[in-house]
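Note that the protein sequences, when read in sequence, are chains A and B.
For the first sequence, the working numbering assigns the number 24 to the initial residue and increments by one for each residue that follows.
For the second sequence, the working numbering assigns the number 855 to the initial residue and increments by one for each residue that follows.
For every residue, glycine included, the Cβ atom is placed at its ideal position computed from N, Cα and C.
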Amino acid sequence: MTGHTSYAPAAAEGALRPLAALIAALDLAAAWALVALVAGMVILVSAQVFMRYALNSSIGWTDEVSRLTFVWSIFLAIPLGIKAGVHIGMEILTVRLPARMQDVLARVIALLGAAMMTLVSYQAFILAYDQWDELMASINMSAAWFIVPVAIGCAHSALHLLWITMTGKGGVDEELAKDLD
Amino acid sequence: MTLLIIFLFLGIGLLGMPLAFALGASAIAGLIVSDVDFNLLPSRMMNAVNAFPLMSIPFFILAGELMLKAGMMERLIDLANTIVGRVRGGLGHVTMLAGLGLSTVSGAAVADASALGSTLIPSLRKHYGVGFSAAVCAAAANLGPIIPPSGAMIVYAFMAGPTVSVGGMFMAGIVPGLILVCAMMAMVSFIAIRRNYPLTGEAFALGRVLHELKRSIIIFLMPVVVIGGIVGGAFTATEGSAIAVVYALLIGLFVTRRLTLADLPEAIIRTAVTSAIVGAMIAFASVVTYMLTIDQLPQHLTALMKAITGSPIAYLLIVAAALFVVGMFLESNAAYIMLVPLLHPIALQYGIDPLHFGFLFVFNLVIGMLTPPVGVVLFVLCGLTGLKLGELAWHVWPFIAIMYALLFICMFFPAIVLTVPRMLGY
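Spelled out as structure tokens, the structure:
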């Protein structure tokens, strides 16, 4: 879809194959959702300016809906950042370790990250469930839709980190990382 | 609890965990120790990024991407070449002016380094050698976050809260940015004459300048409309950045016709992922900030600083020294997100102007993008040229020296930073 980035399942065998397929499907869905969300944000915010100056009017819900789309775009893009290996880190010590130790450390750290993301995702699902009856200020939609992307994005991130834990370097998408550089 | 959070963050950060996630893990440890409910995590994380001003980050990134895809670099280079191409070190001056032009539509040094390096280094290295060529591109790219619009200034203003406006920060960067360009061009001339670099380019001709100016005017209209609109109060920074995206799209699709609809998904996904890197840090850091506030760290830190010195200048020097070290080891966005909530309120206690402090803070960390071992702009140019980090650092140090000299001049003469914002009512 992006021309450079592959969303095909990473090479995997046996029990890992379904997980690879699930992650690839989620990545592809997140990528398309991001295109729609960012495009929607641009349209909403620029339409608001156009309405204000050209038609001397304003749409009351654009602020809240554009913020909602922004929150979704941030949390859906976090796992793609893990896939690309572009989240900022300090490598000043780890690069000096022997290769085998680097690999073990990367897996342990990824497992810790996966546990943290699972906890955040679980808490977000509970919070969304609890807040489901609360409505947004400007439209007749549950305010919990602001929390749902936290749950989805963190669950998706946990899967990527789990994948790194199990396969070592499987989480890095060299093409996307190169694109982002 | 504060010490636990800080040491845990540093420990797992140094072991290789991405900083955003290291912040999250240390925040969870803080929640466990202080017996605070875990449901604080998702609500604070969501609220941290549920902010209209932050939307300008992806918008300005996307606008810059689209302008580059629309072929603006070539037009900027052609224009700069007609003006300064024939003087000694001409291609170096062209790079500086192209960097200046690029910085008016793009607010990120890394993206600018990639654009300048990939476009100009092939010509530069033929005449000046690869080291100087890469150093000039690195220095020119660093104008990106100083001249408005600036992603760094947006993040700073957001983290500093209501005492700092994005428009005010943008205006604070104009005069220092222009002084920096002139000083760096003087350095290019000095090095070119000393090393006897050959003359390149065609002789100055007013007709050619006017022709190229006409071709480039469409690029320069964008900052005039967008930044002018933000400063003039016609729209907010976020609205201005969305207009910048629409403007870049129209230029690329209908004027230069170098952009196609098929280019958009890739540009948008790259933009979203780049924004999420910052967004993830802001989200997780918000929980840490909350825990540190419960522990009254900002108050303790303020009391400690006041006990050390009562002088605002001494505070600025201490912060500059700290950021010099931080800039060598930490990516700048991470530094804004973690340090601005702690250091900005102390500056206000000292009576330092928030825009003055904000500009110095940003400028210091922007210079840090050129200092090894973690100099992200150097990494980009090493990747493009095959130079080793140490070699490039050797060539770039004269420009770093100029930047630090200007930083200290701005520190002692706040009018350089504050005159334009004050004139415009900030």
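- With respect to chain B, the C-beta atom of D126 (chain A) has no partner C-beta closer than 8 Å.
- The beta carbon of L877 (chain B) is closer than 8 Å to those of F863, M1135, F1138, A1139, V1141, V1142, M1192 in its chain, skipping five residues each way along the sequence.
- Residue-level contact by beta carbon fails for V88 (chain A) and chain B, as no gap is shorter than 8 Å.
- Per DSSP, P1152 (chain B) is one residue of the alpha helix (DSSP H) stretching across 1151-1162.
- Within chain B, the residues L868, L869, G870 have their CB atoms less than 9 Å from the CB of T117 (chain A), given in chain order.
- In the DSSP assignment, K1068 (chain B) falls within the unbroken alpha helix (DSSP H) covering 1060-1085.
- N1218 (chain B) sits buried, since 16 or more C-beta atoms from the chains shown fall within 10 Å of its C-beta.
- Residue-level contact check: S972 (chain B) does not touch chain A, since none of the beta carbons of chain A fall below 8 Å from its beta carbon.
- L158 (chain A) sits in a strand when the DSSP states are folded into three classes.
- At the C-beta level, L60 (chain A) and G176 (chain A) stay beyond 8 Å of one another.
- Per the Cβ contact rule, the region 908-918 of chain B is in contact with the region 86-103 of chain A (3 or more Cβ pairs under 8 Å).
- Proximity of chain B to G104 (chain A) at the Cβ level (cut-off 8 Å) is accounted for by V1127, A1130, I1131, A1134, in chain order.
- Between L997 (chain B) and G953 (chain B) the beta-carbon gap is near 5 Å, inside 8 Å, which marks them as a contact.
- Think of a sphere of 7 Å around the beta carbon of F914 (chain B): no beta carbon from chain A falls inside it, the nearest being about 12 Å out.
- For T1128 (chain B), the uninterrupted alpha helix (DSSP H) run begins and ends at 1118-1148, by DSSP.
- Here the region 979-998 of chain B does not lie against the region 1073-1092 of chain B, with fewer than 3 beta-carbon pairs under 8 Å apart.
- Looking at B:Y1169, B:A1269, B:V1231, B:G925, the one whose alpha-carbon comes closest to that of A965 (chain B) is B:V1231.
- In the three-state scheme derived from DSSP, where H, G and I count as helix and E and B as strand, S165 (chain A) is classed as strand.
- Chain B has a Cβ within less than 8 Å of the Cβ of A54 (chain A).
- Residues V1079, V1080, G1083, F1089 of the same chain have their beta carbon placed closer than 8 Å to that of I1097 (chain B), with the five preceding and five following residues left out of the count.
- For N893 (chain B), the neighbours in chain A by C-beta distance under 9 Å run, in chain order, Q146, A147, I149, L150, D153.
- Between the alpha carbons of A988 (chain B) and G1244 (chain B) lies a distance of about 13 Å.
- Non-local beta-carbon contacts of S89 (chain A) in its own chain, meaning distances under 6 Å to residues more than five positions away in sequence, involve M64, L67, V68 in chain order.
- Linking A1188 (chain B) to L1238 (chain B) through their CA atoms gives a straight-line distance of about 25 Å.
- One Cα belongs to L1103 (chain B), the other to V959 (chain B), and the distance between them is close to 13 Å.
- Of B:I937, B:F986, B:S880, the smallest CA-CA separation from L1067 (chain B) is found for B:I937.
- Going by DSSP, A1046 (chain B) is part of the alpha helix (DSSP H) stretching over 1028-1048.
- Excluding sequence positions up to five before and after I975 (chain B), its CB lies within less than 7 Å of the CB of S987, A988, C991, L1238, T1239, all in the same chain and listed in chain order.
- Residue range 122-153 is occupied by the alpha helix (DSSP H) that includes R130 (chain A).
- Under the Cβ distance rule, A1139 (chain B) does not count among the residues neighbouring chain A, no pair being separated by less than 8 Å.
- In the displayed model, L1184 (chain B) falls within coil according to three-state DSSP, outside both helix and strand.
- Excluding residues up to 5 positions away in sequence, T949, M950, G953, L970 lie with their Cβ nearer than 6 Å to the Cβ of A994 (chain B) in the same chain.
- When the five nearest sequence neighbours on each side are left out, the beta carbons in the same chain lying within less than 8 Å of the beta carbon of G985 (chain B) are those of L1241, E1245, L1246, W1248, H1249, in order along the chain.
- Just so you know, the alpha carbons of E919 (chain B) and L1053 (chain B) end up roughly 33 Å apart.
- Two segments are said to touch when three or more pairs of C-beta atoms, one from each, lie closer than 8 Å; by this definition the region 124-143 of chain A does not touch the region 153-169 of chain A.
- In this structure, L116 (chain A) sits away from A54 (chain A), with a CB-CB distance that is not shorter than 8 Å.
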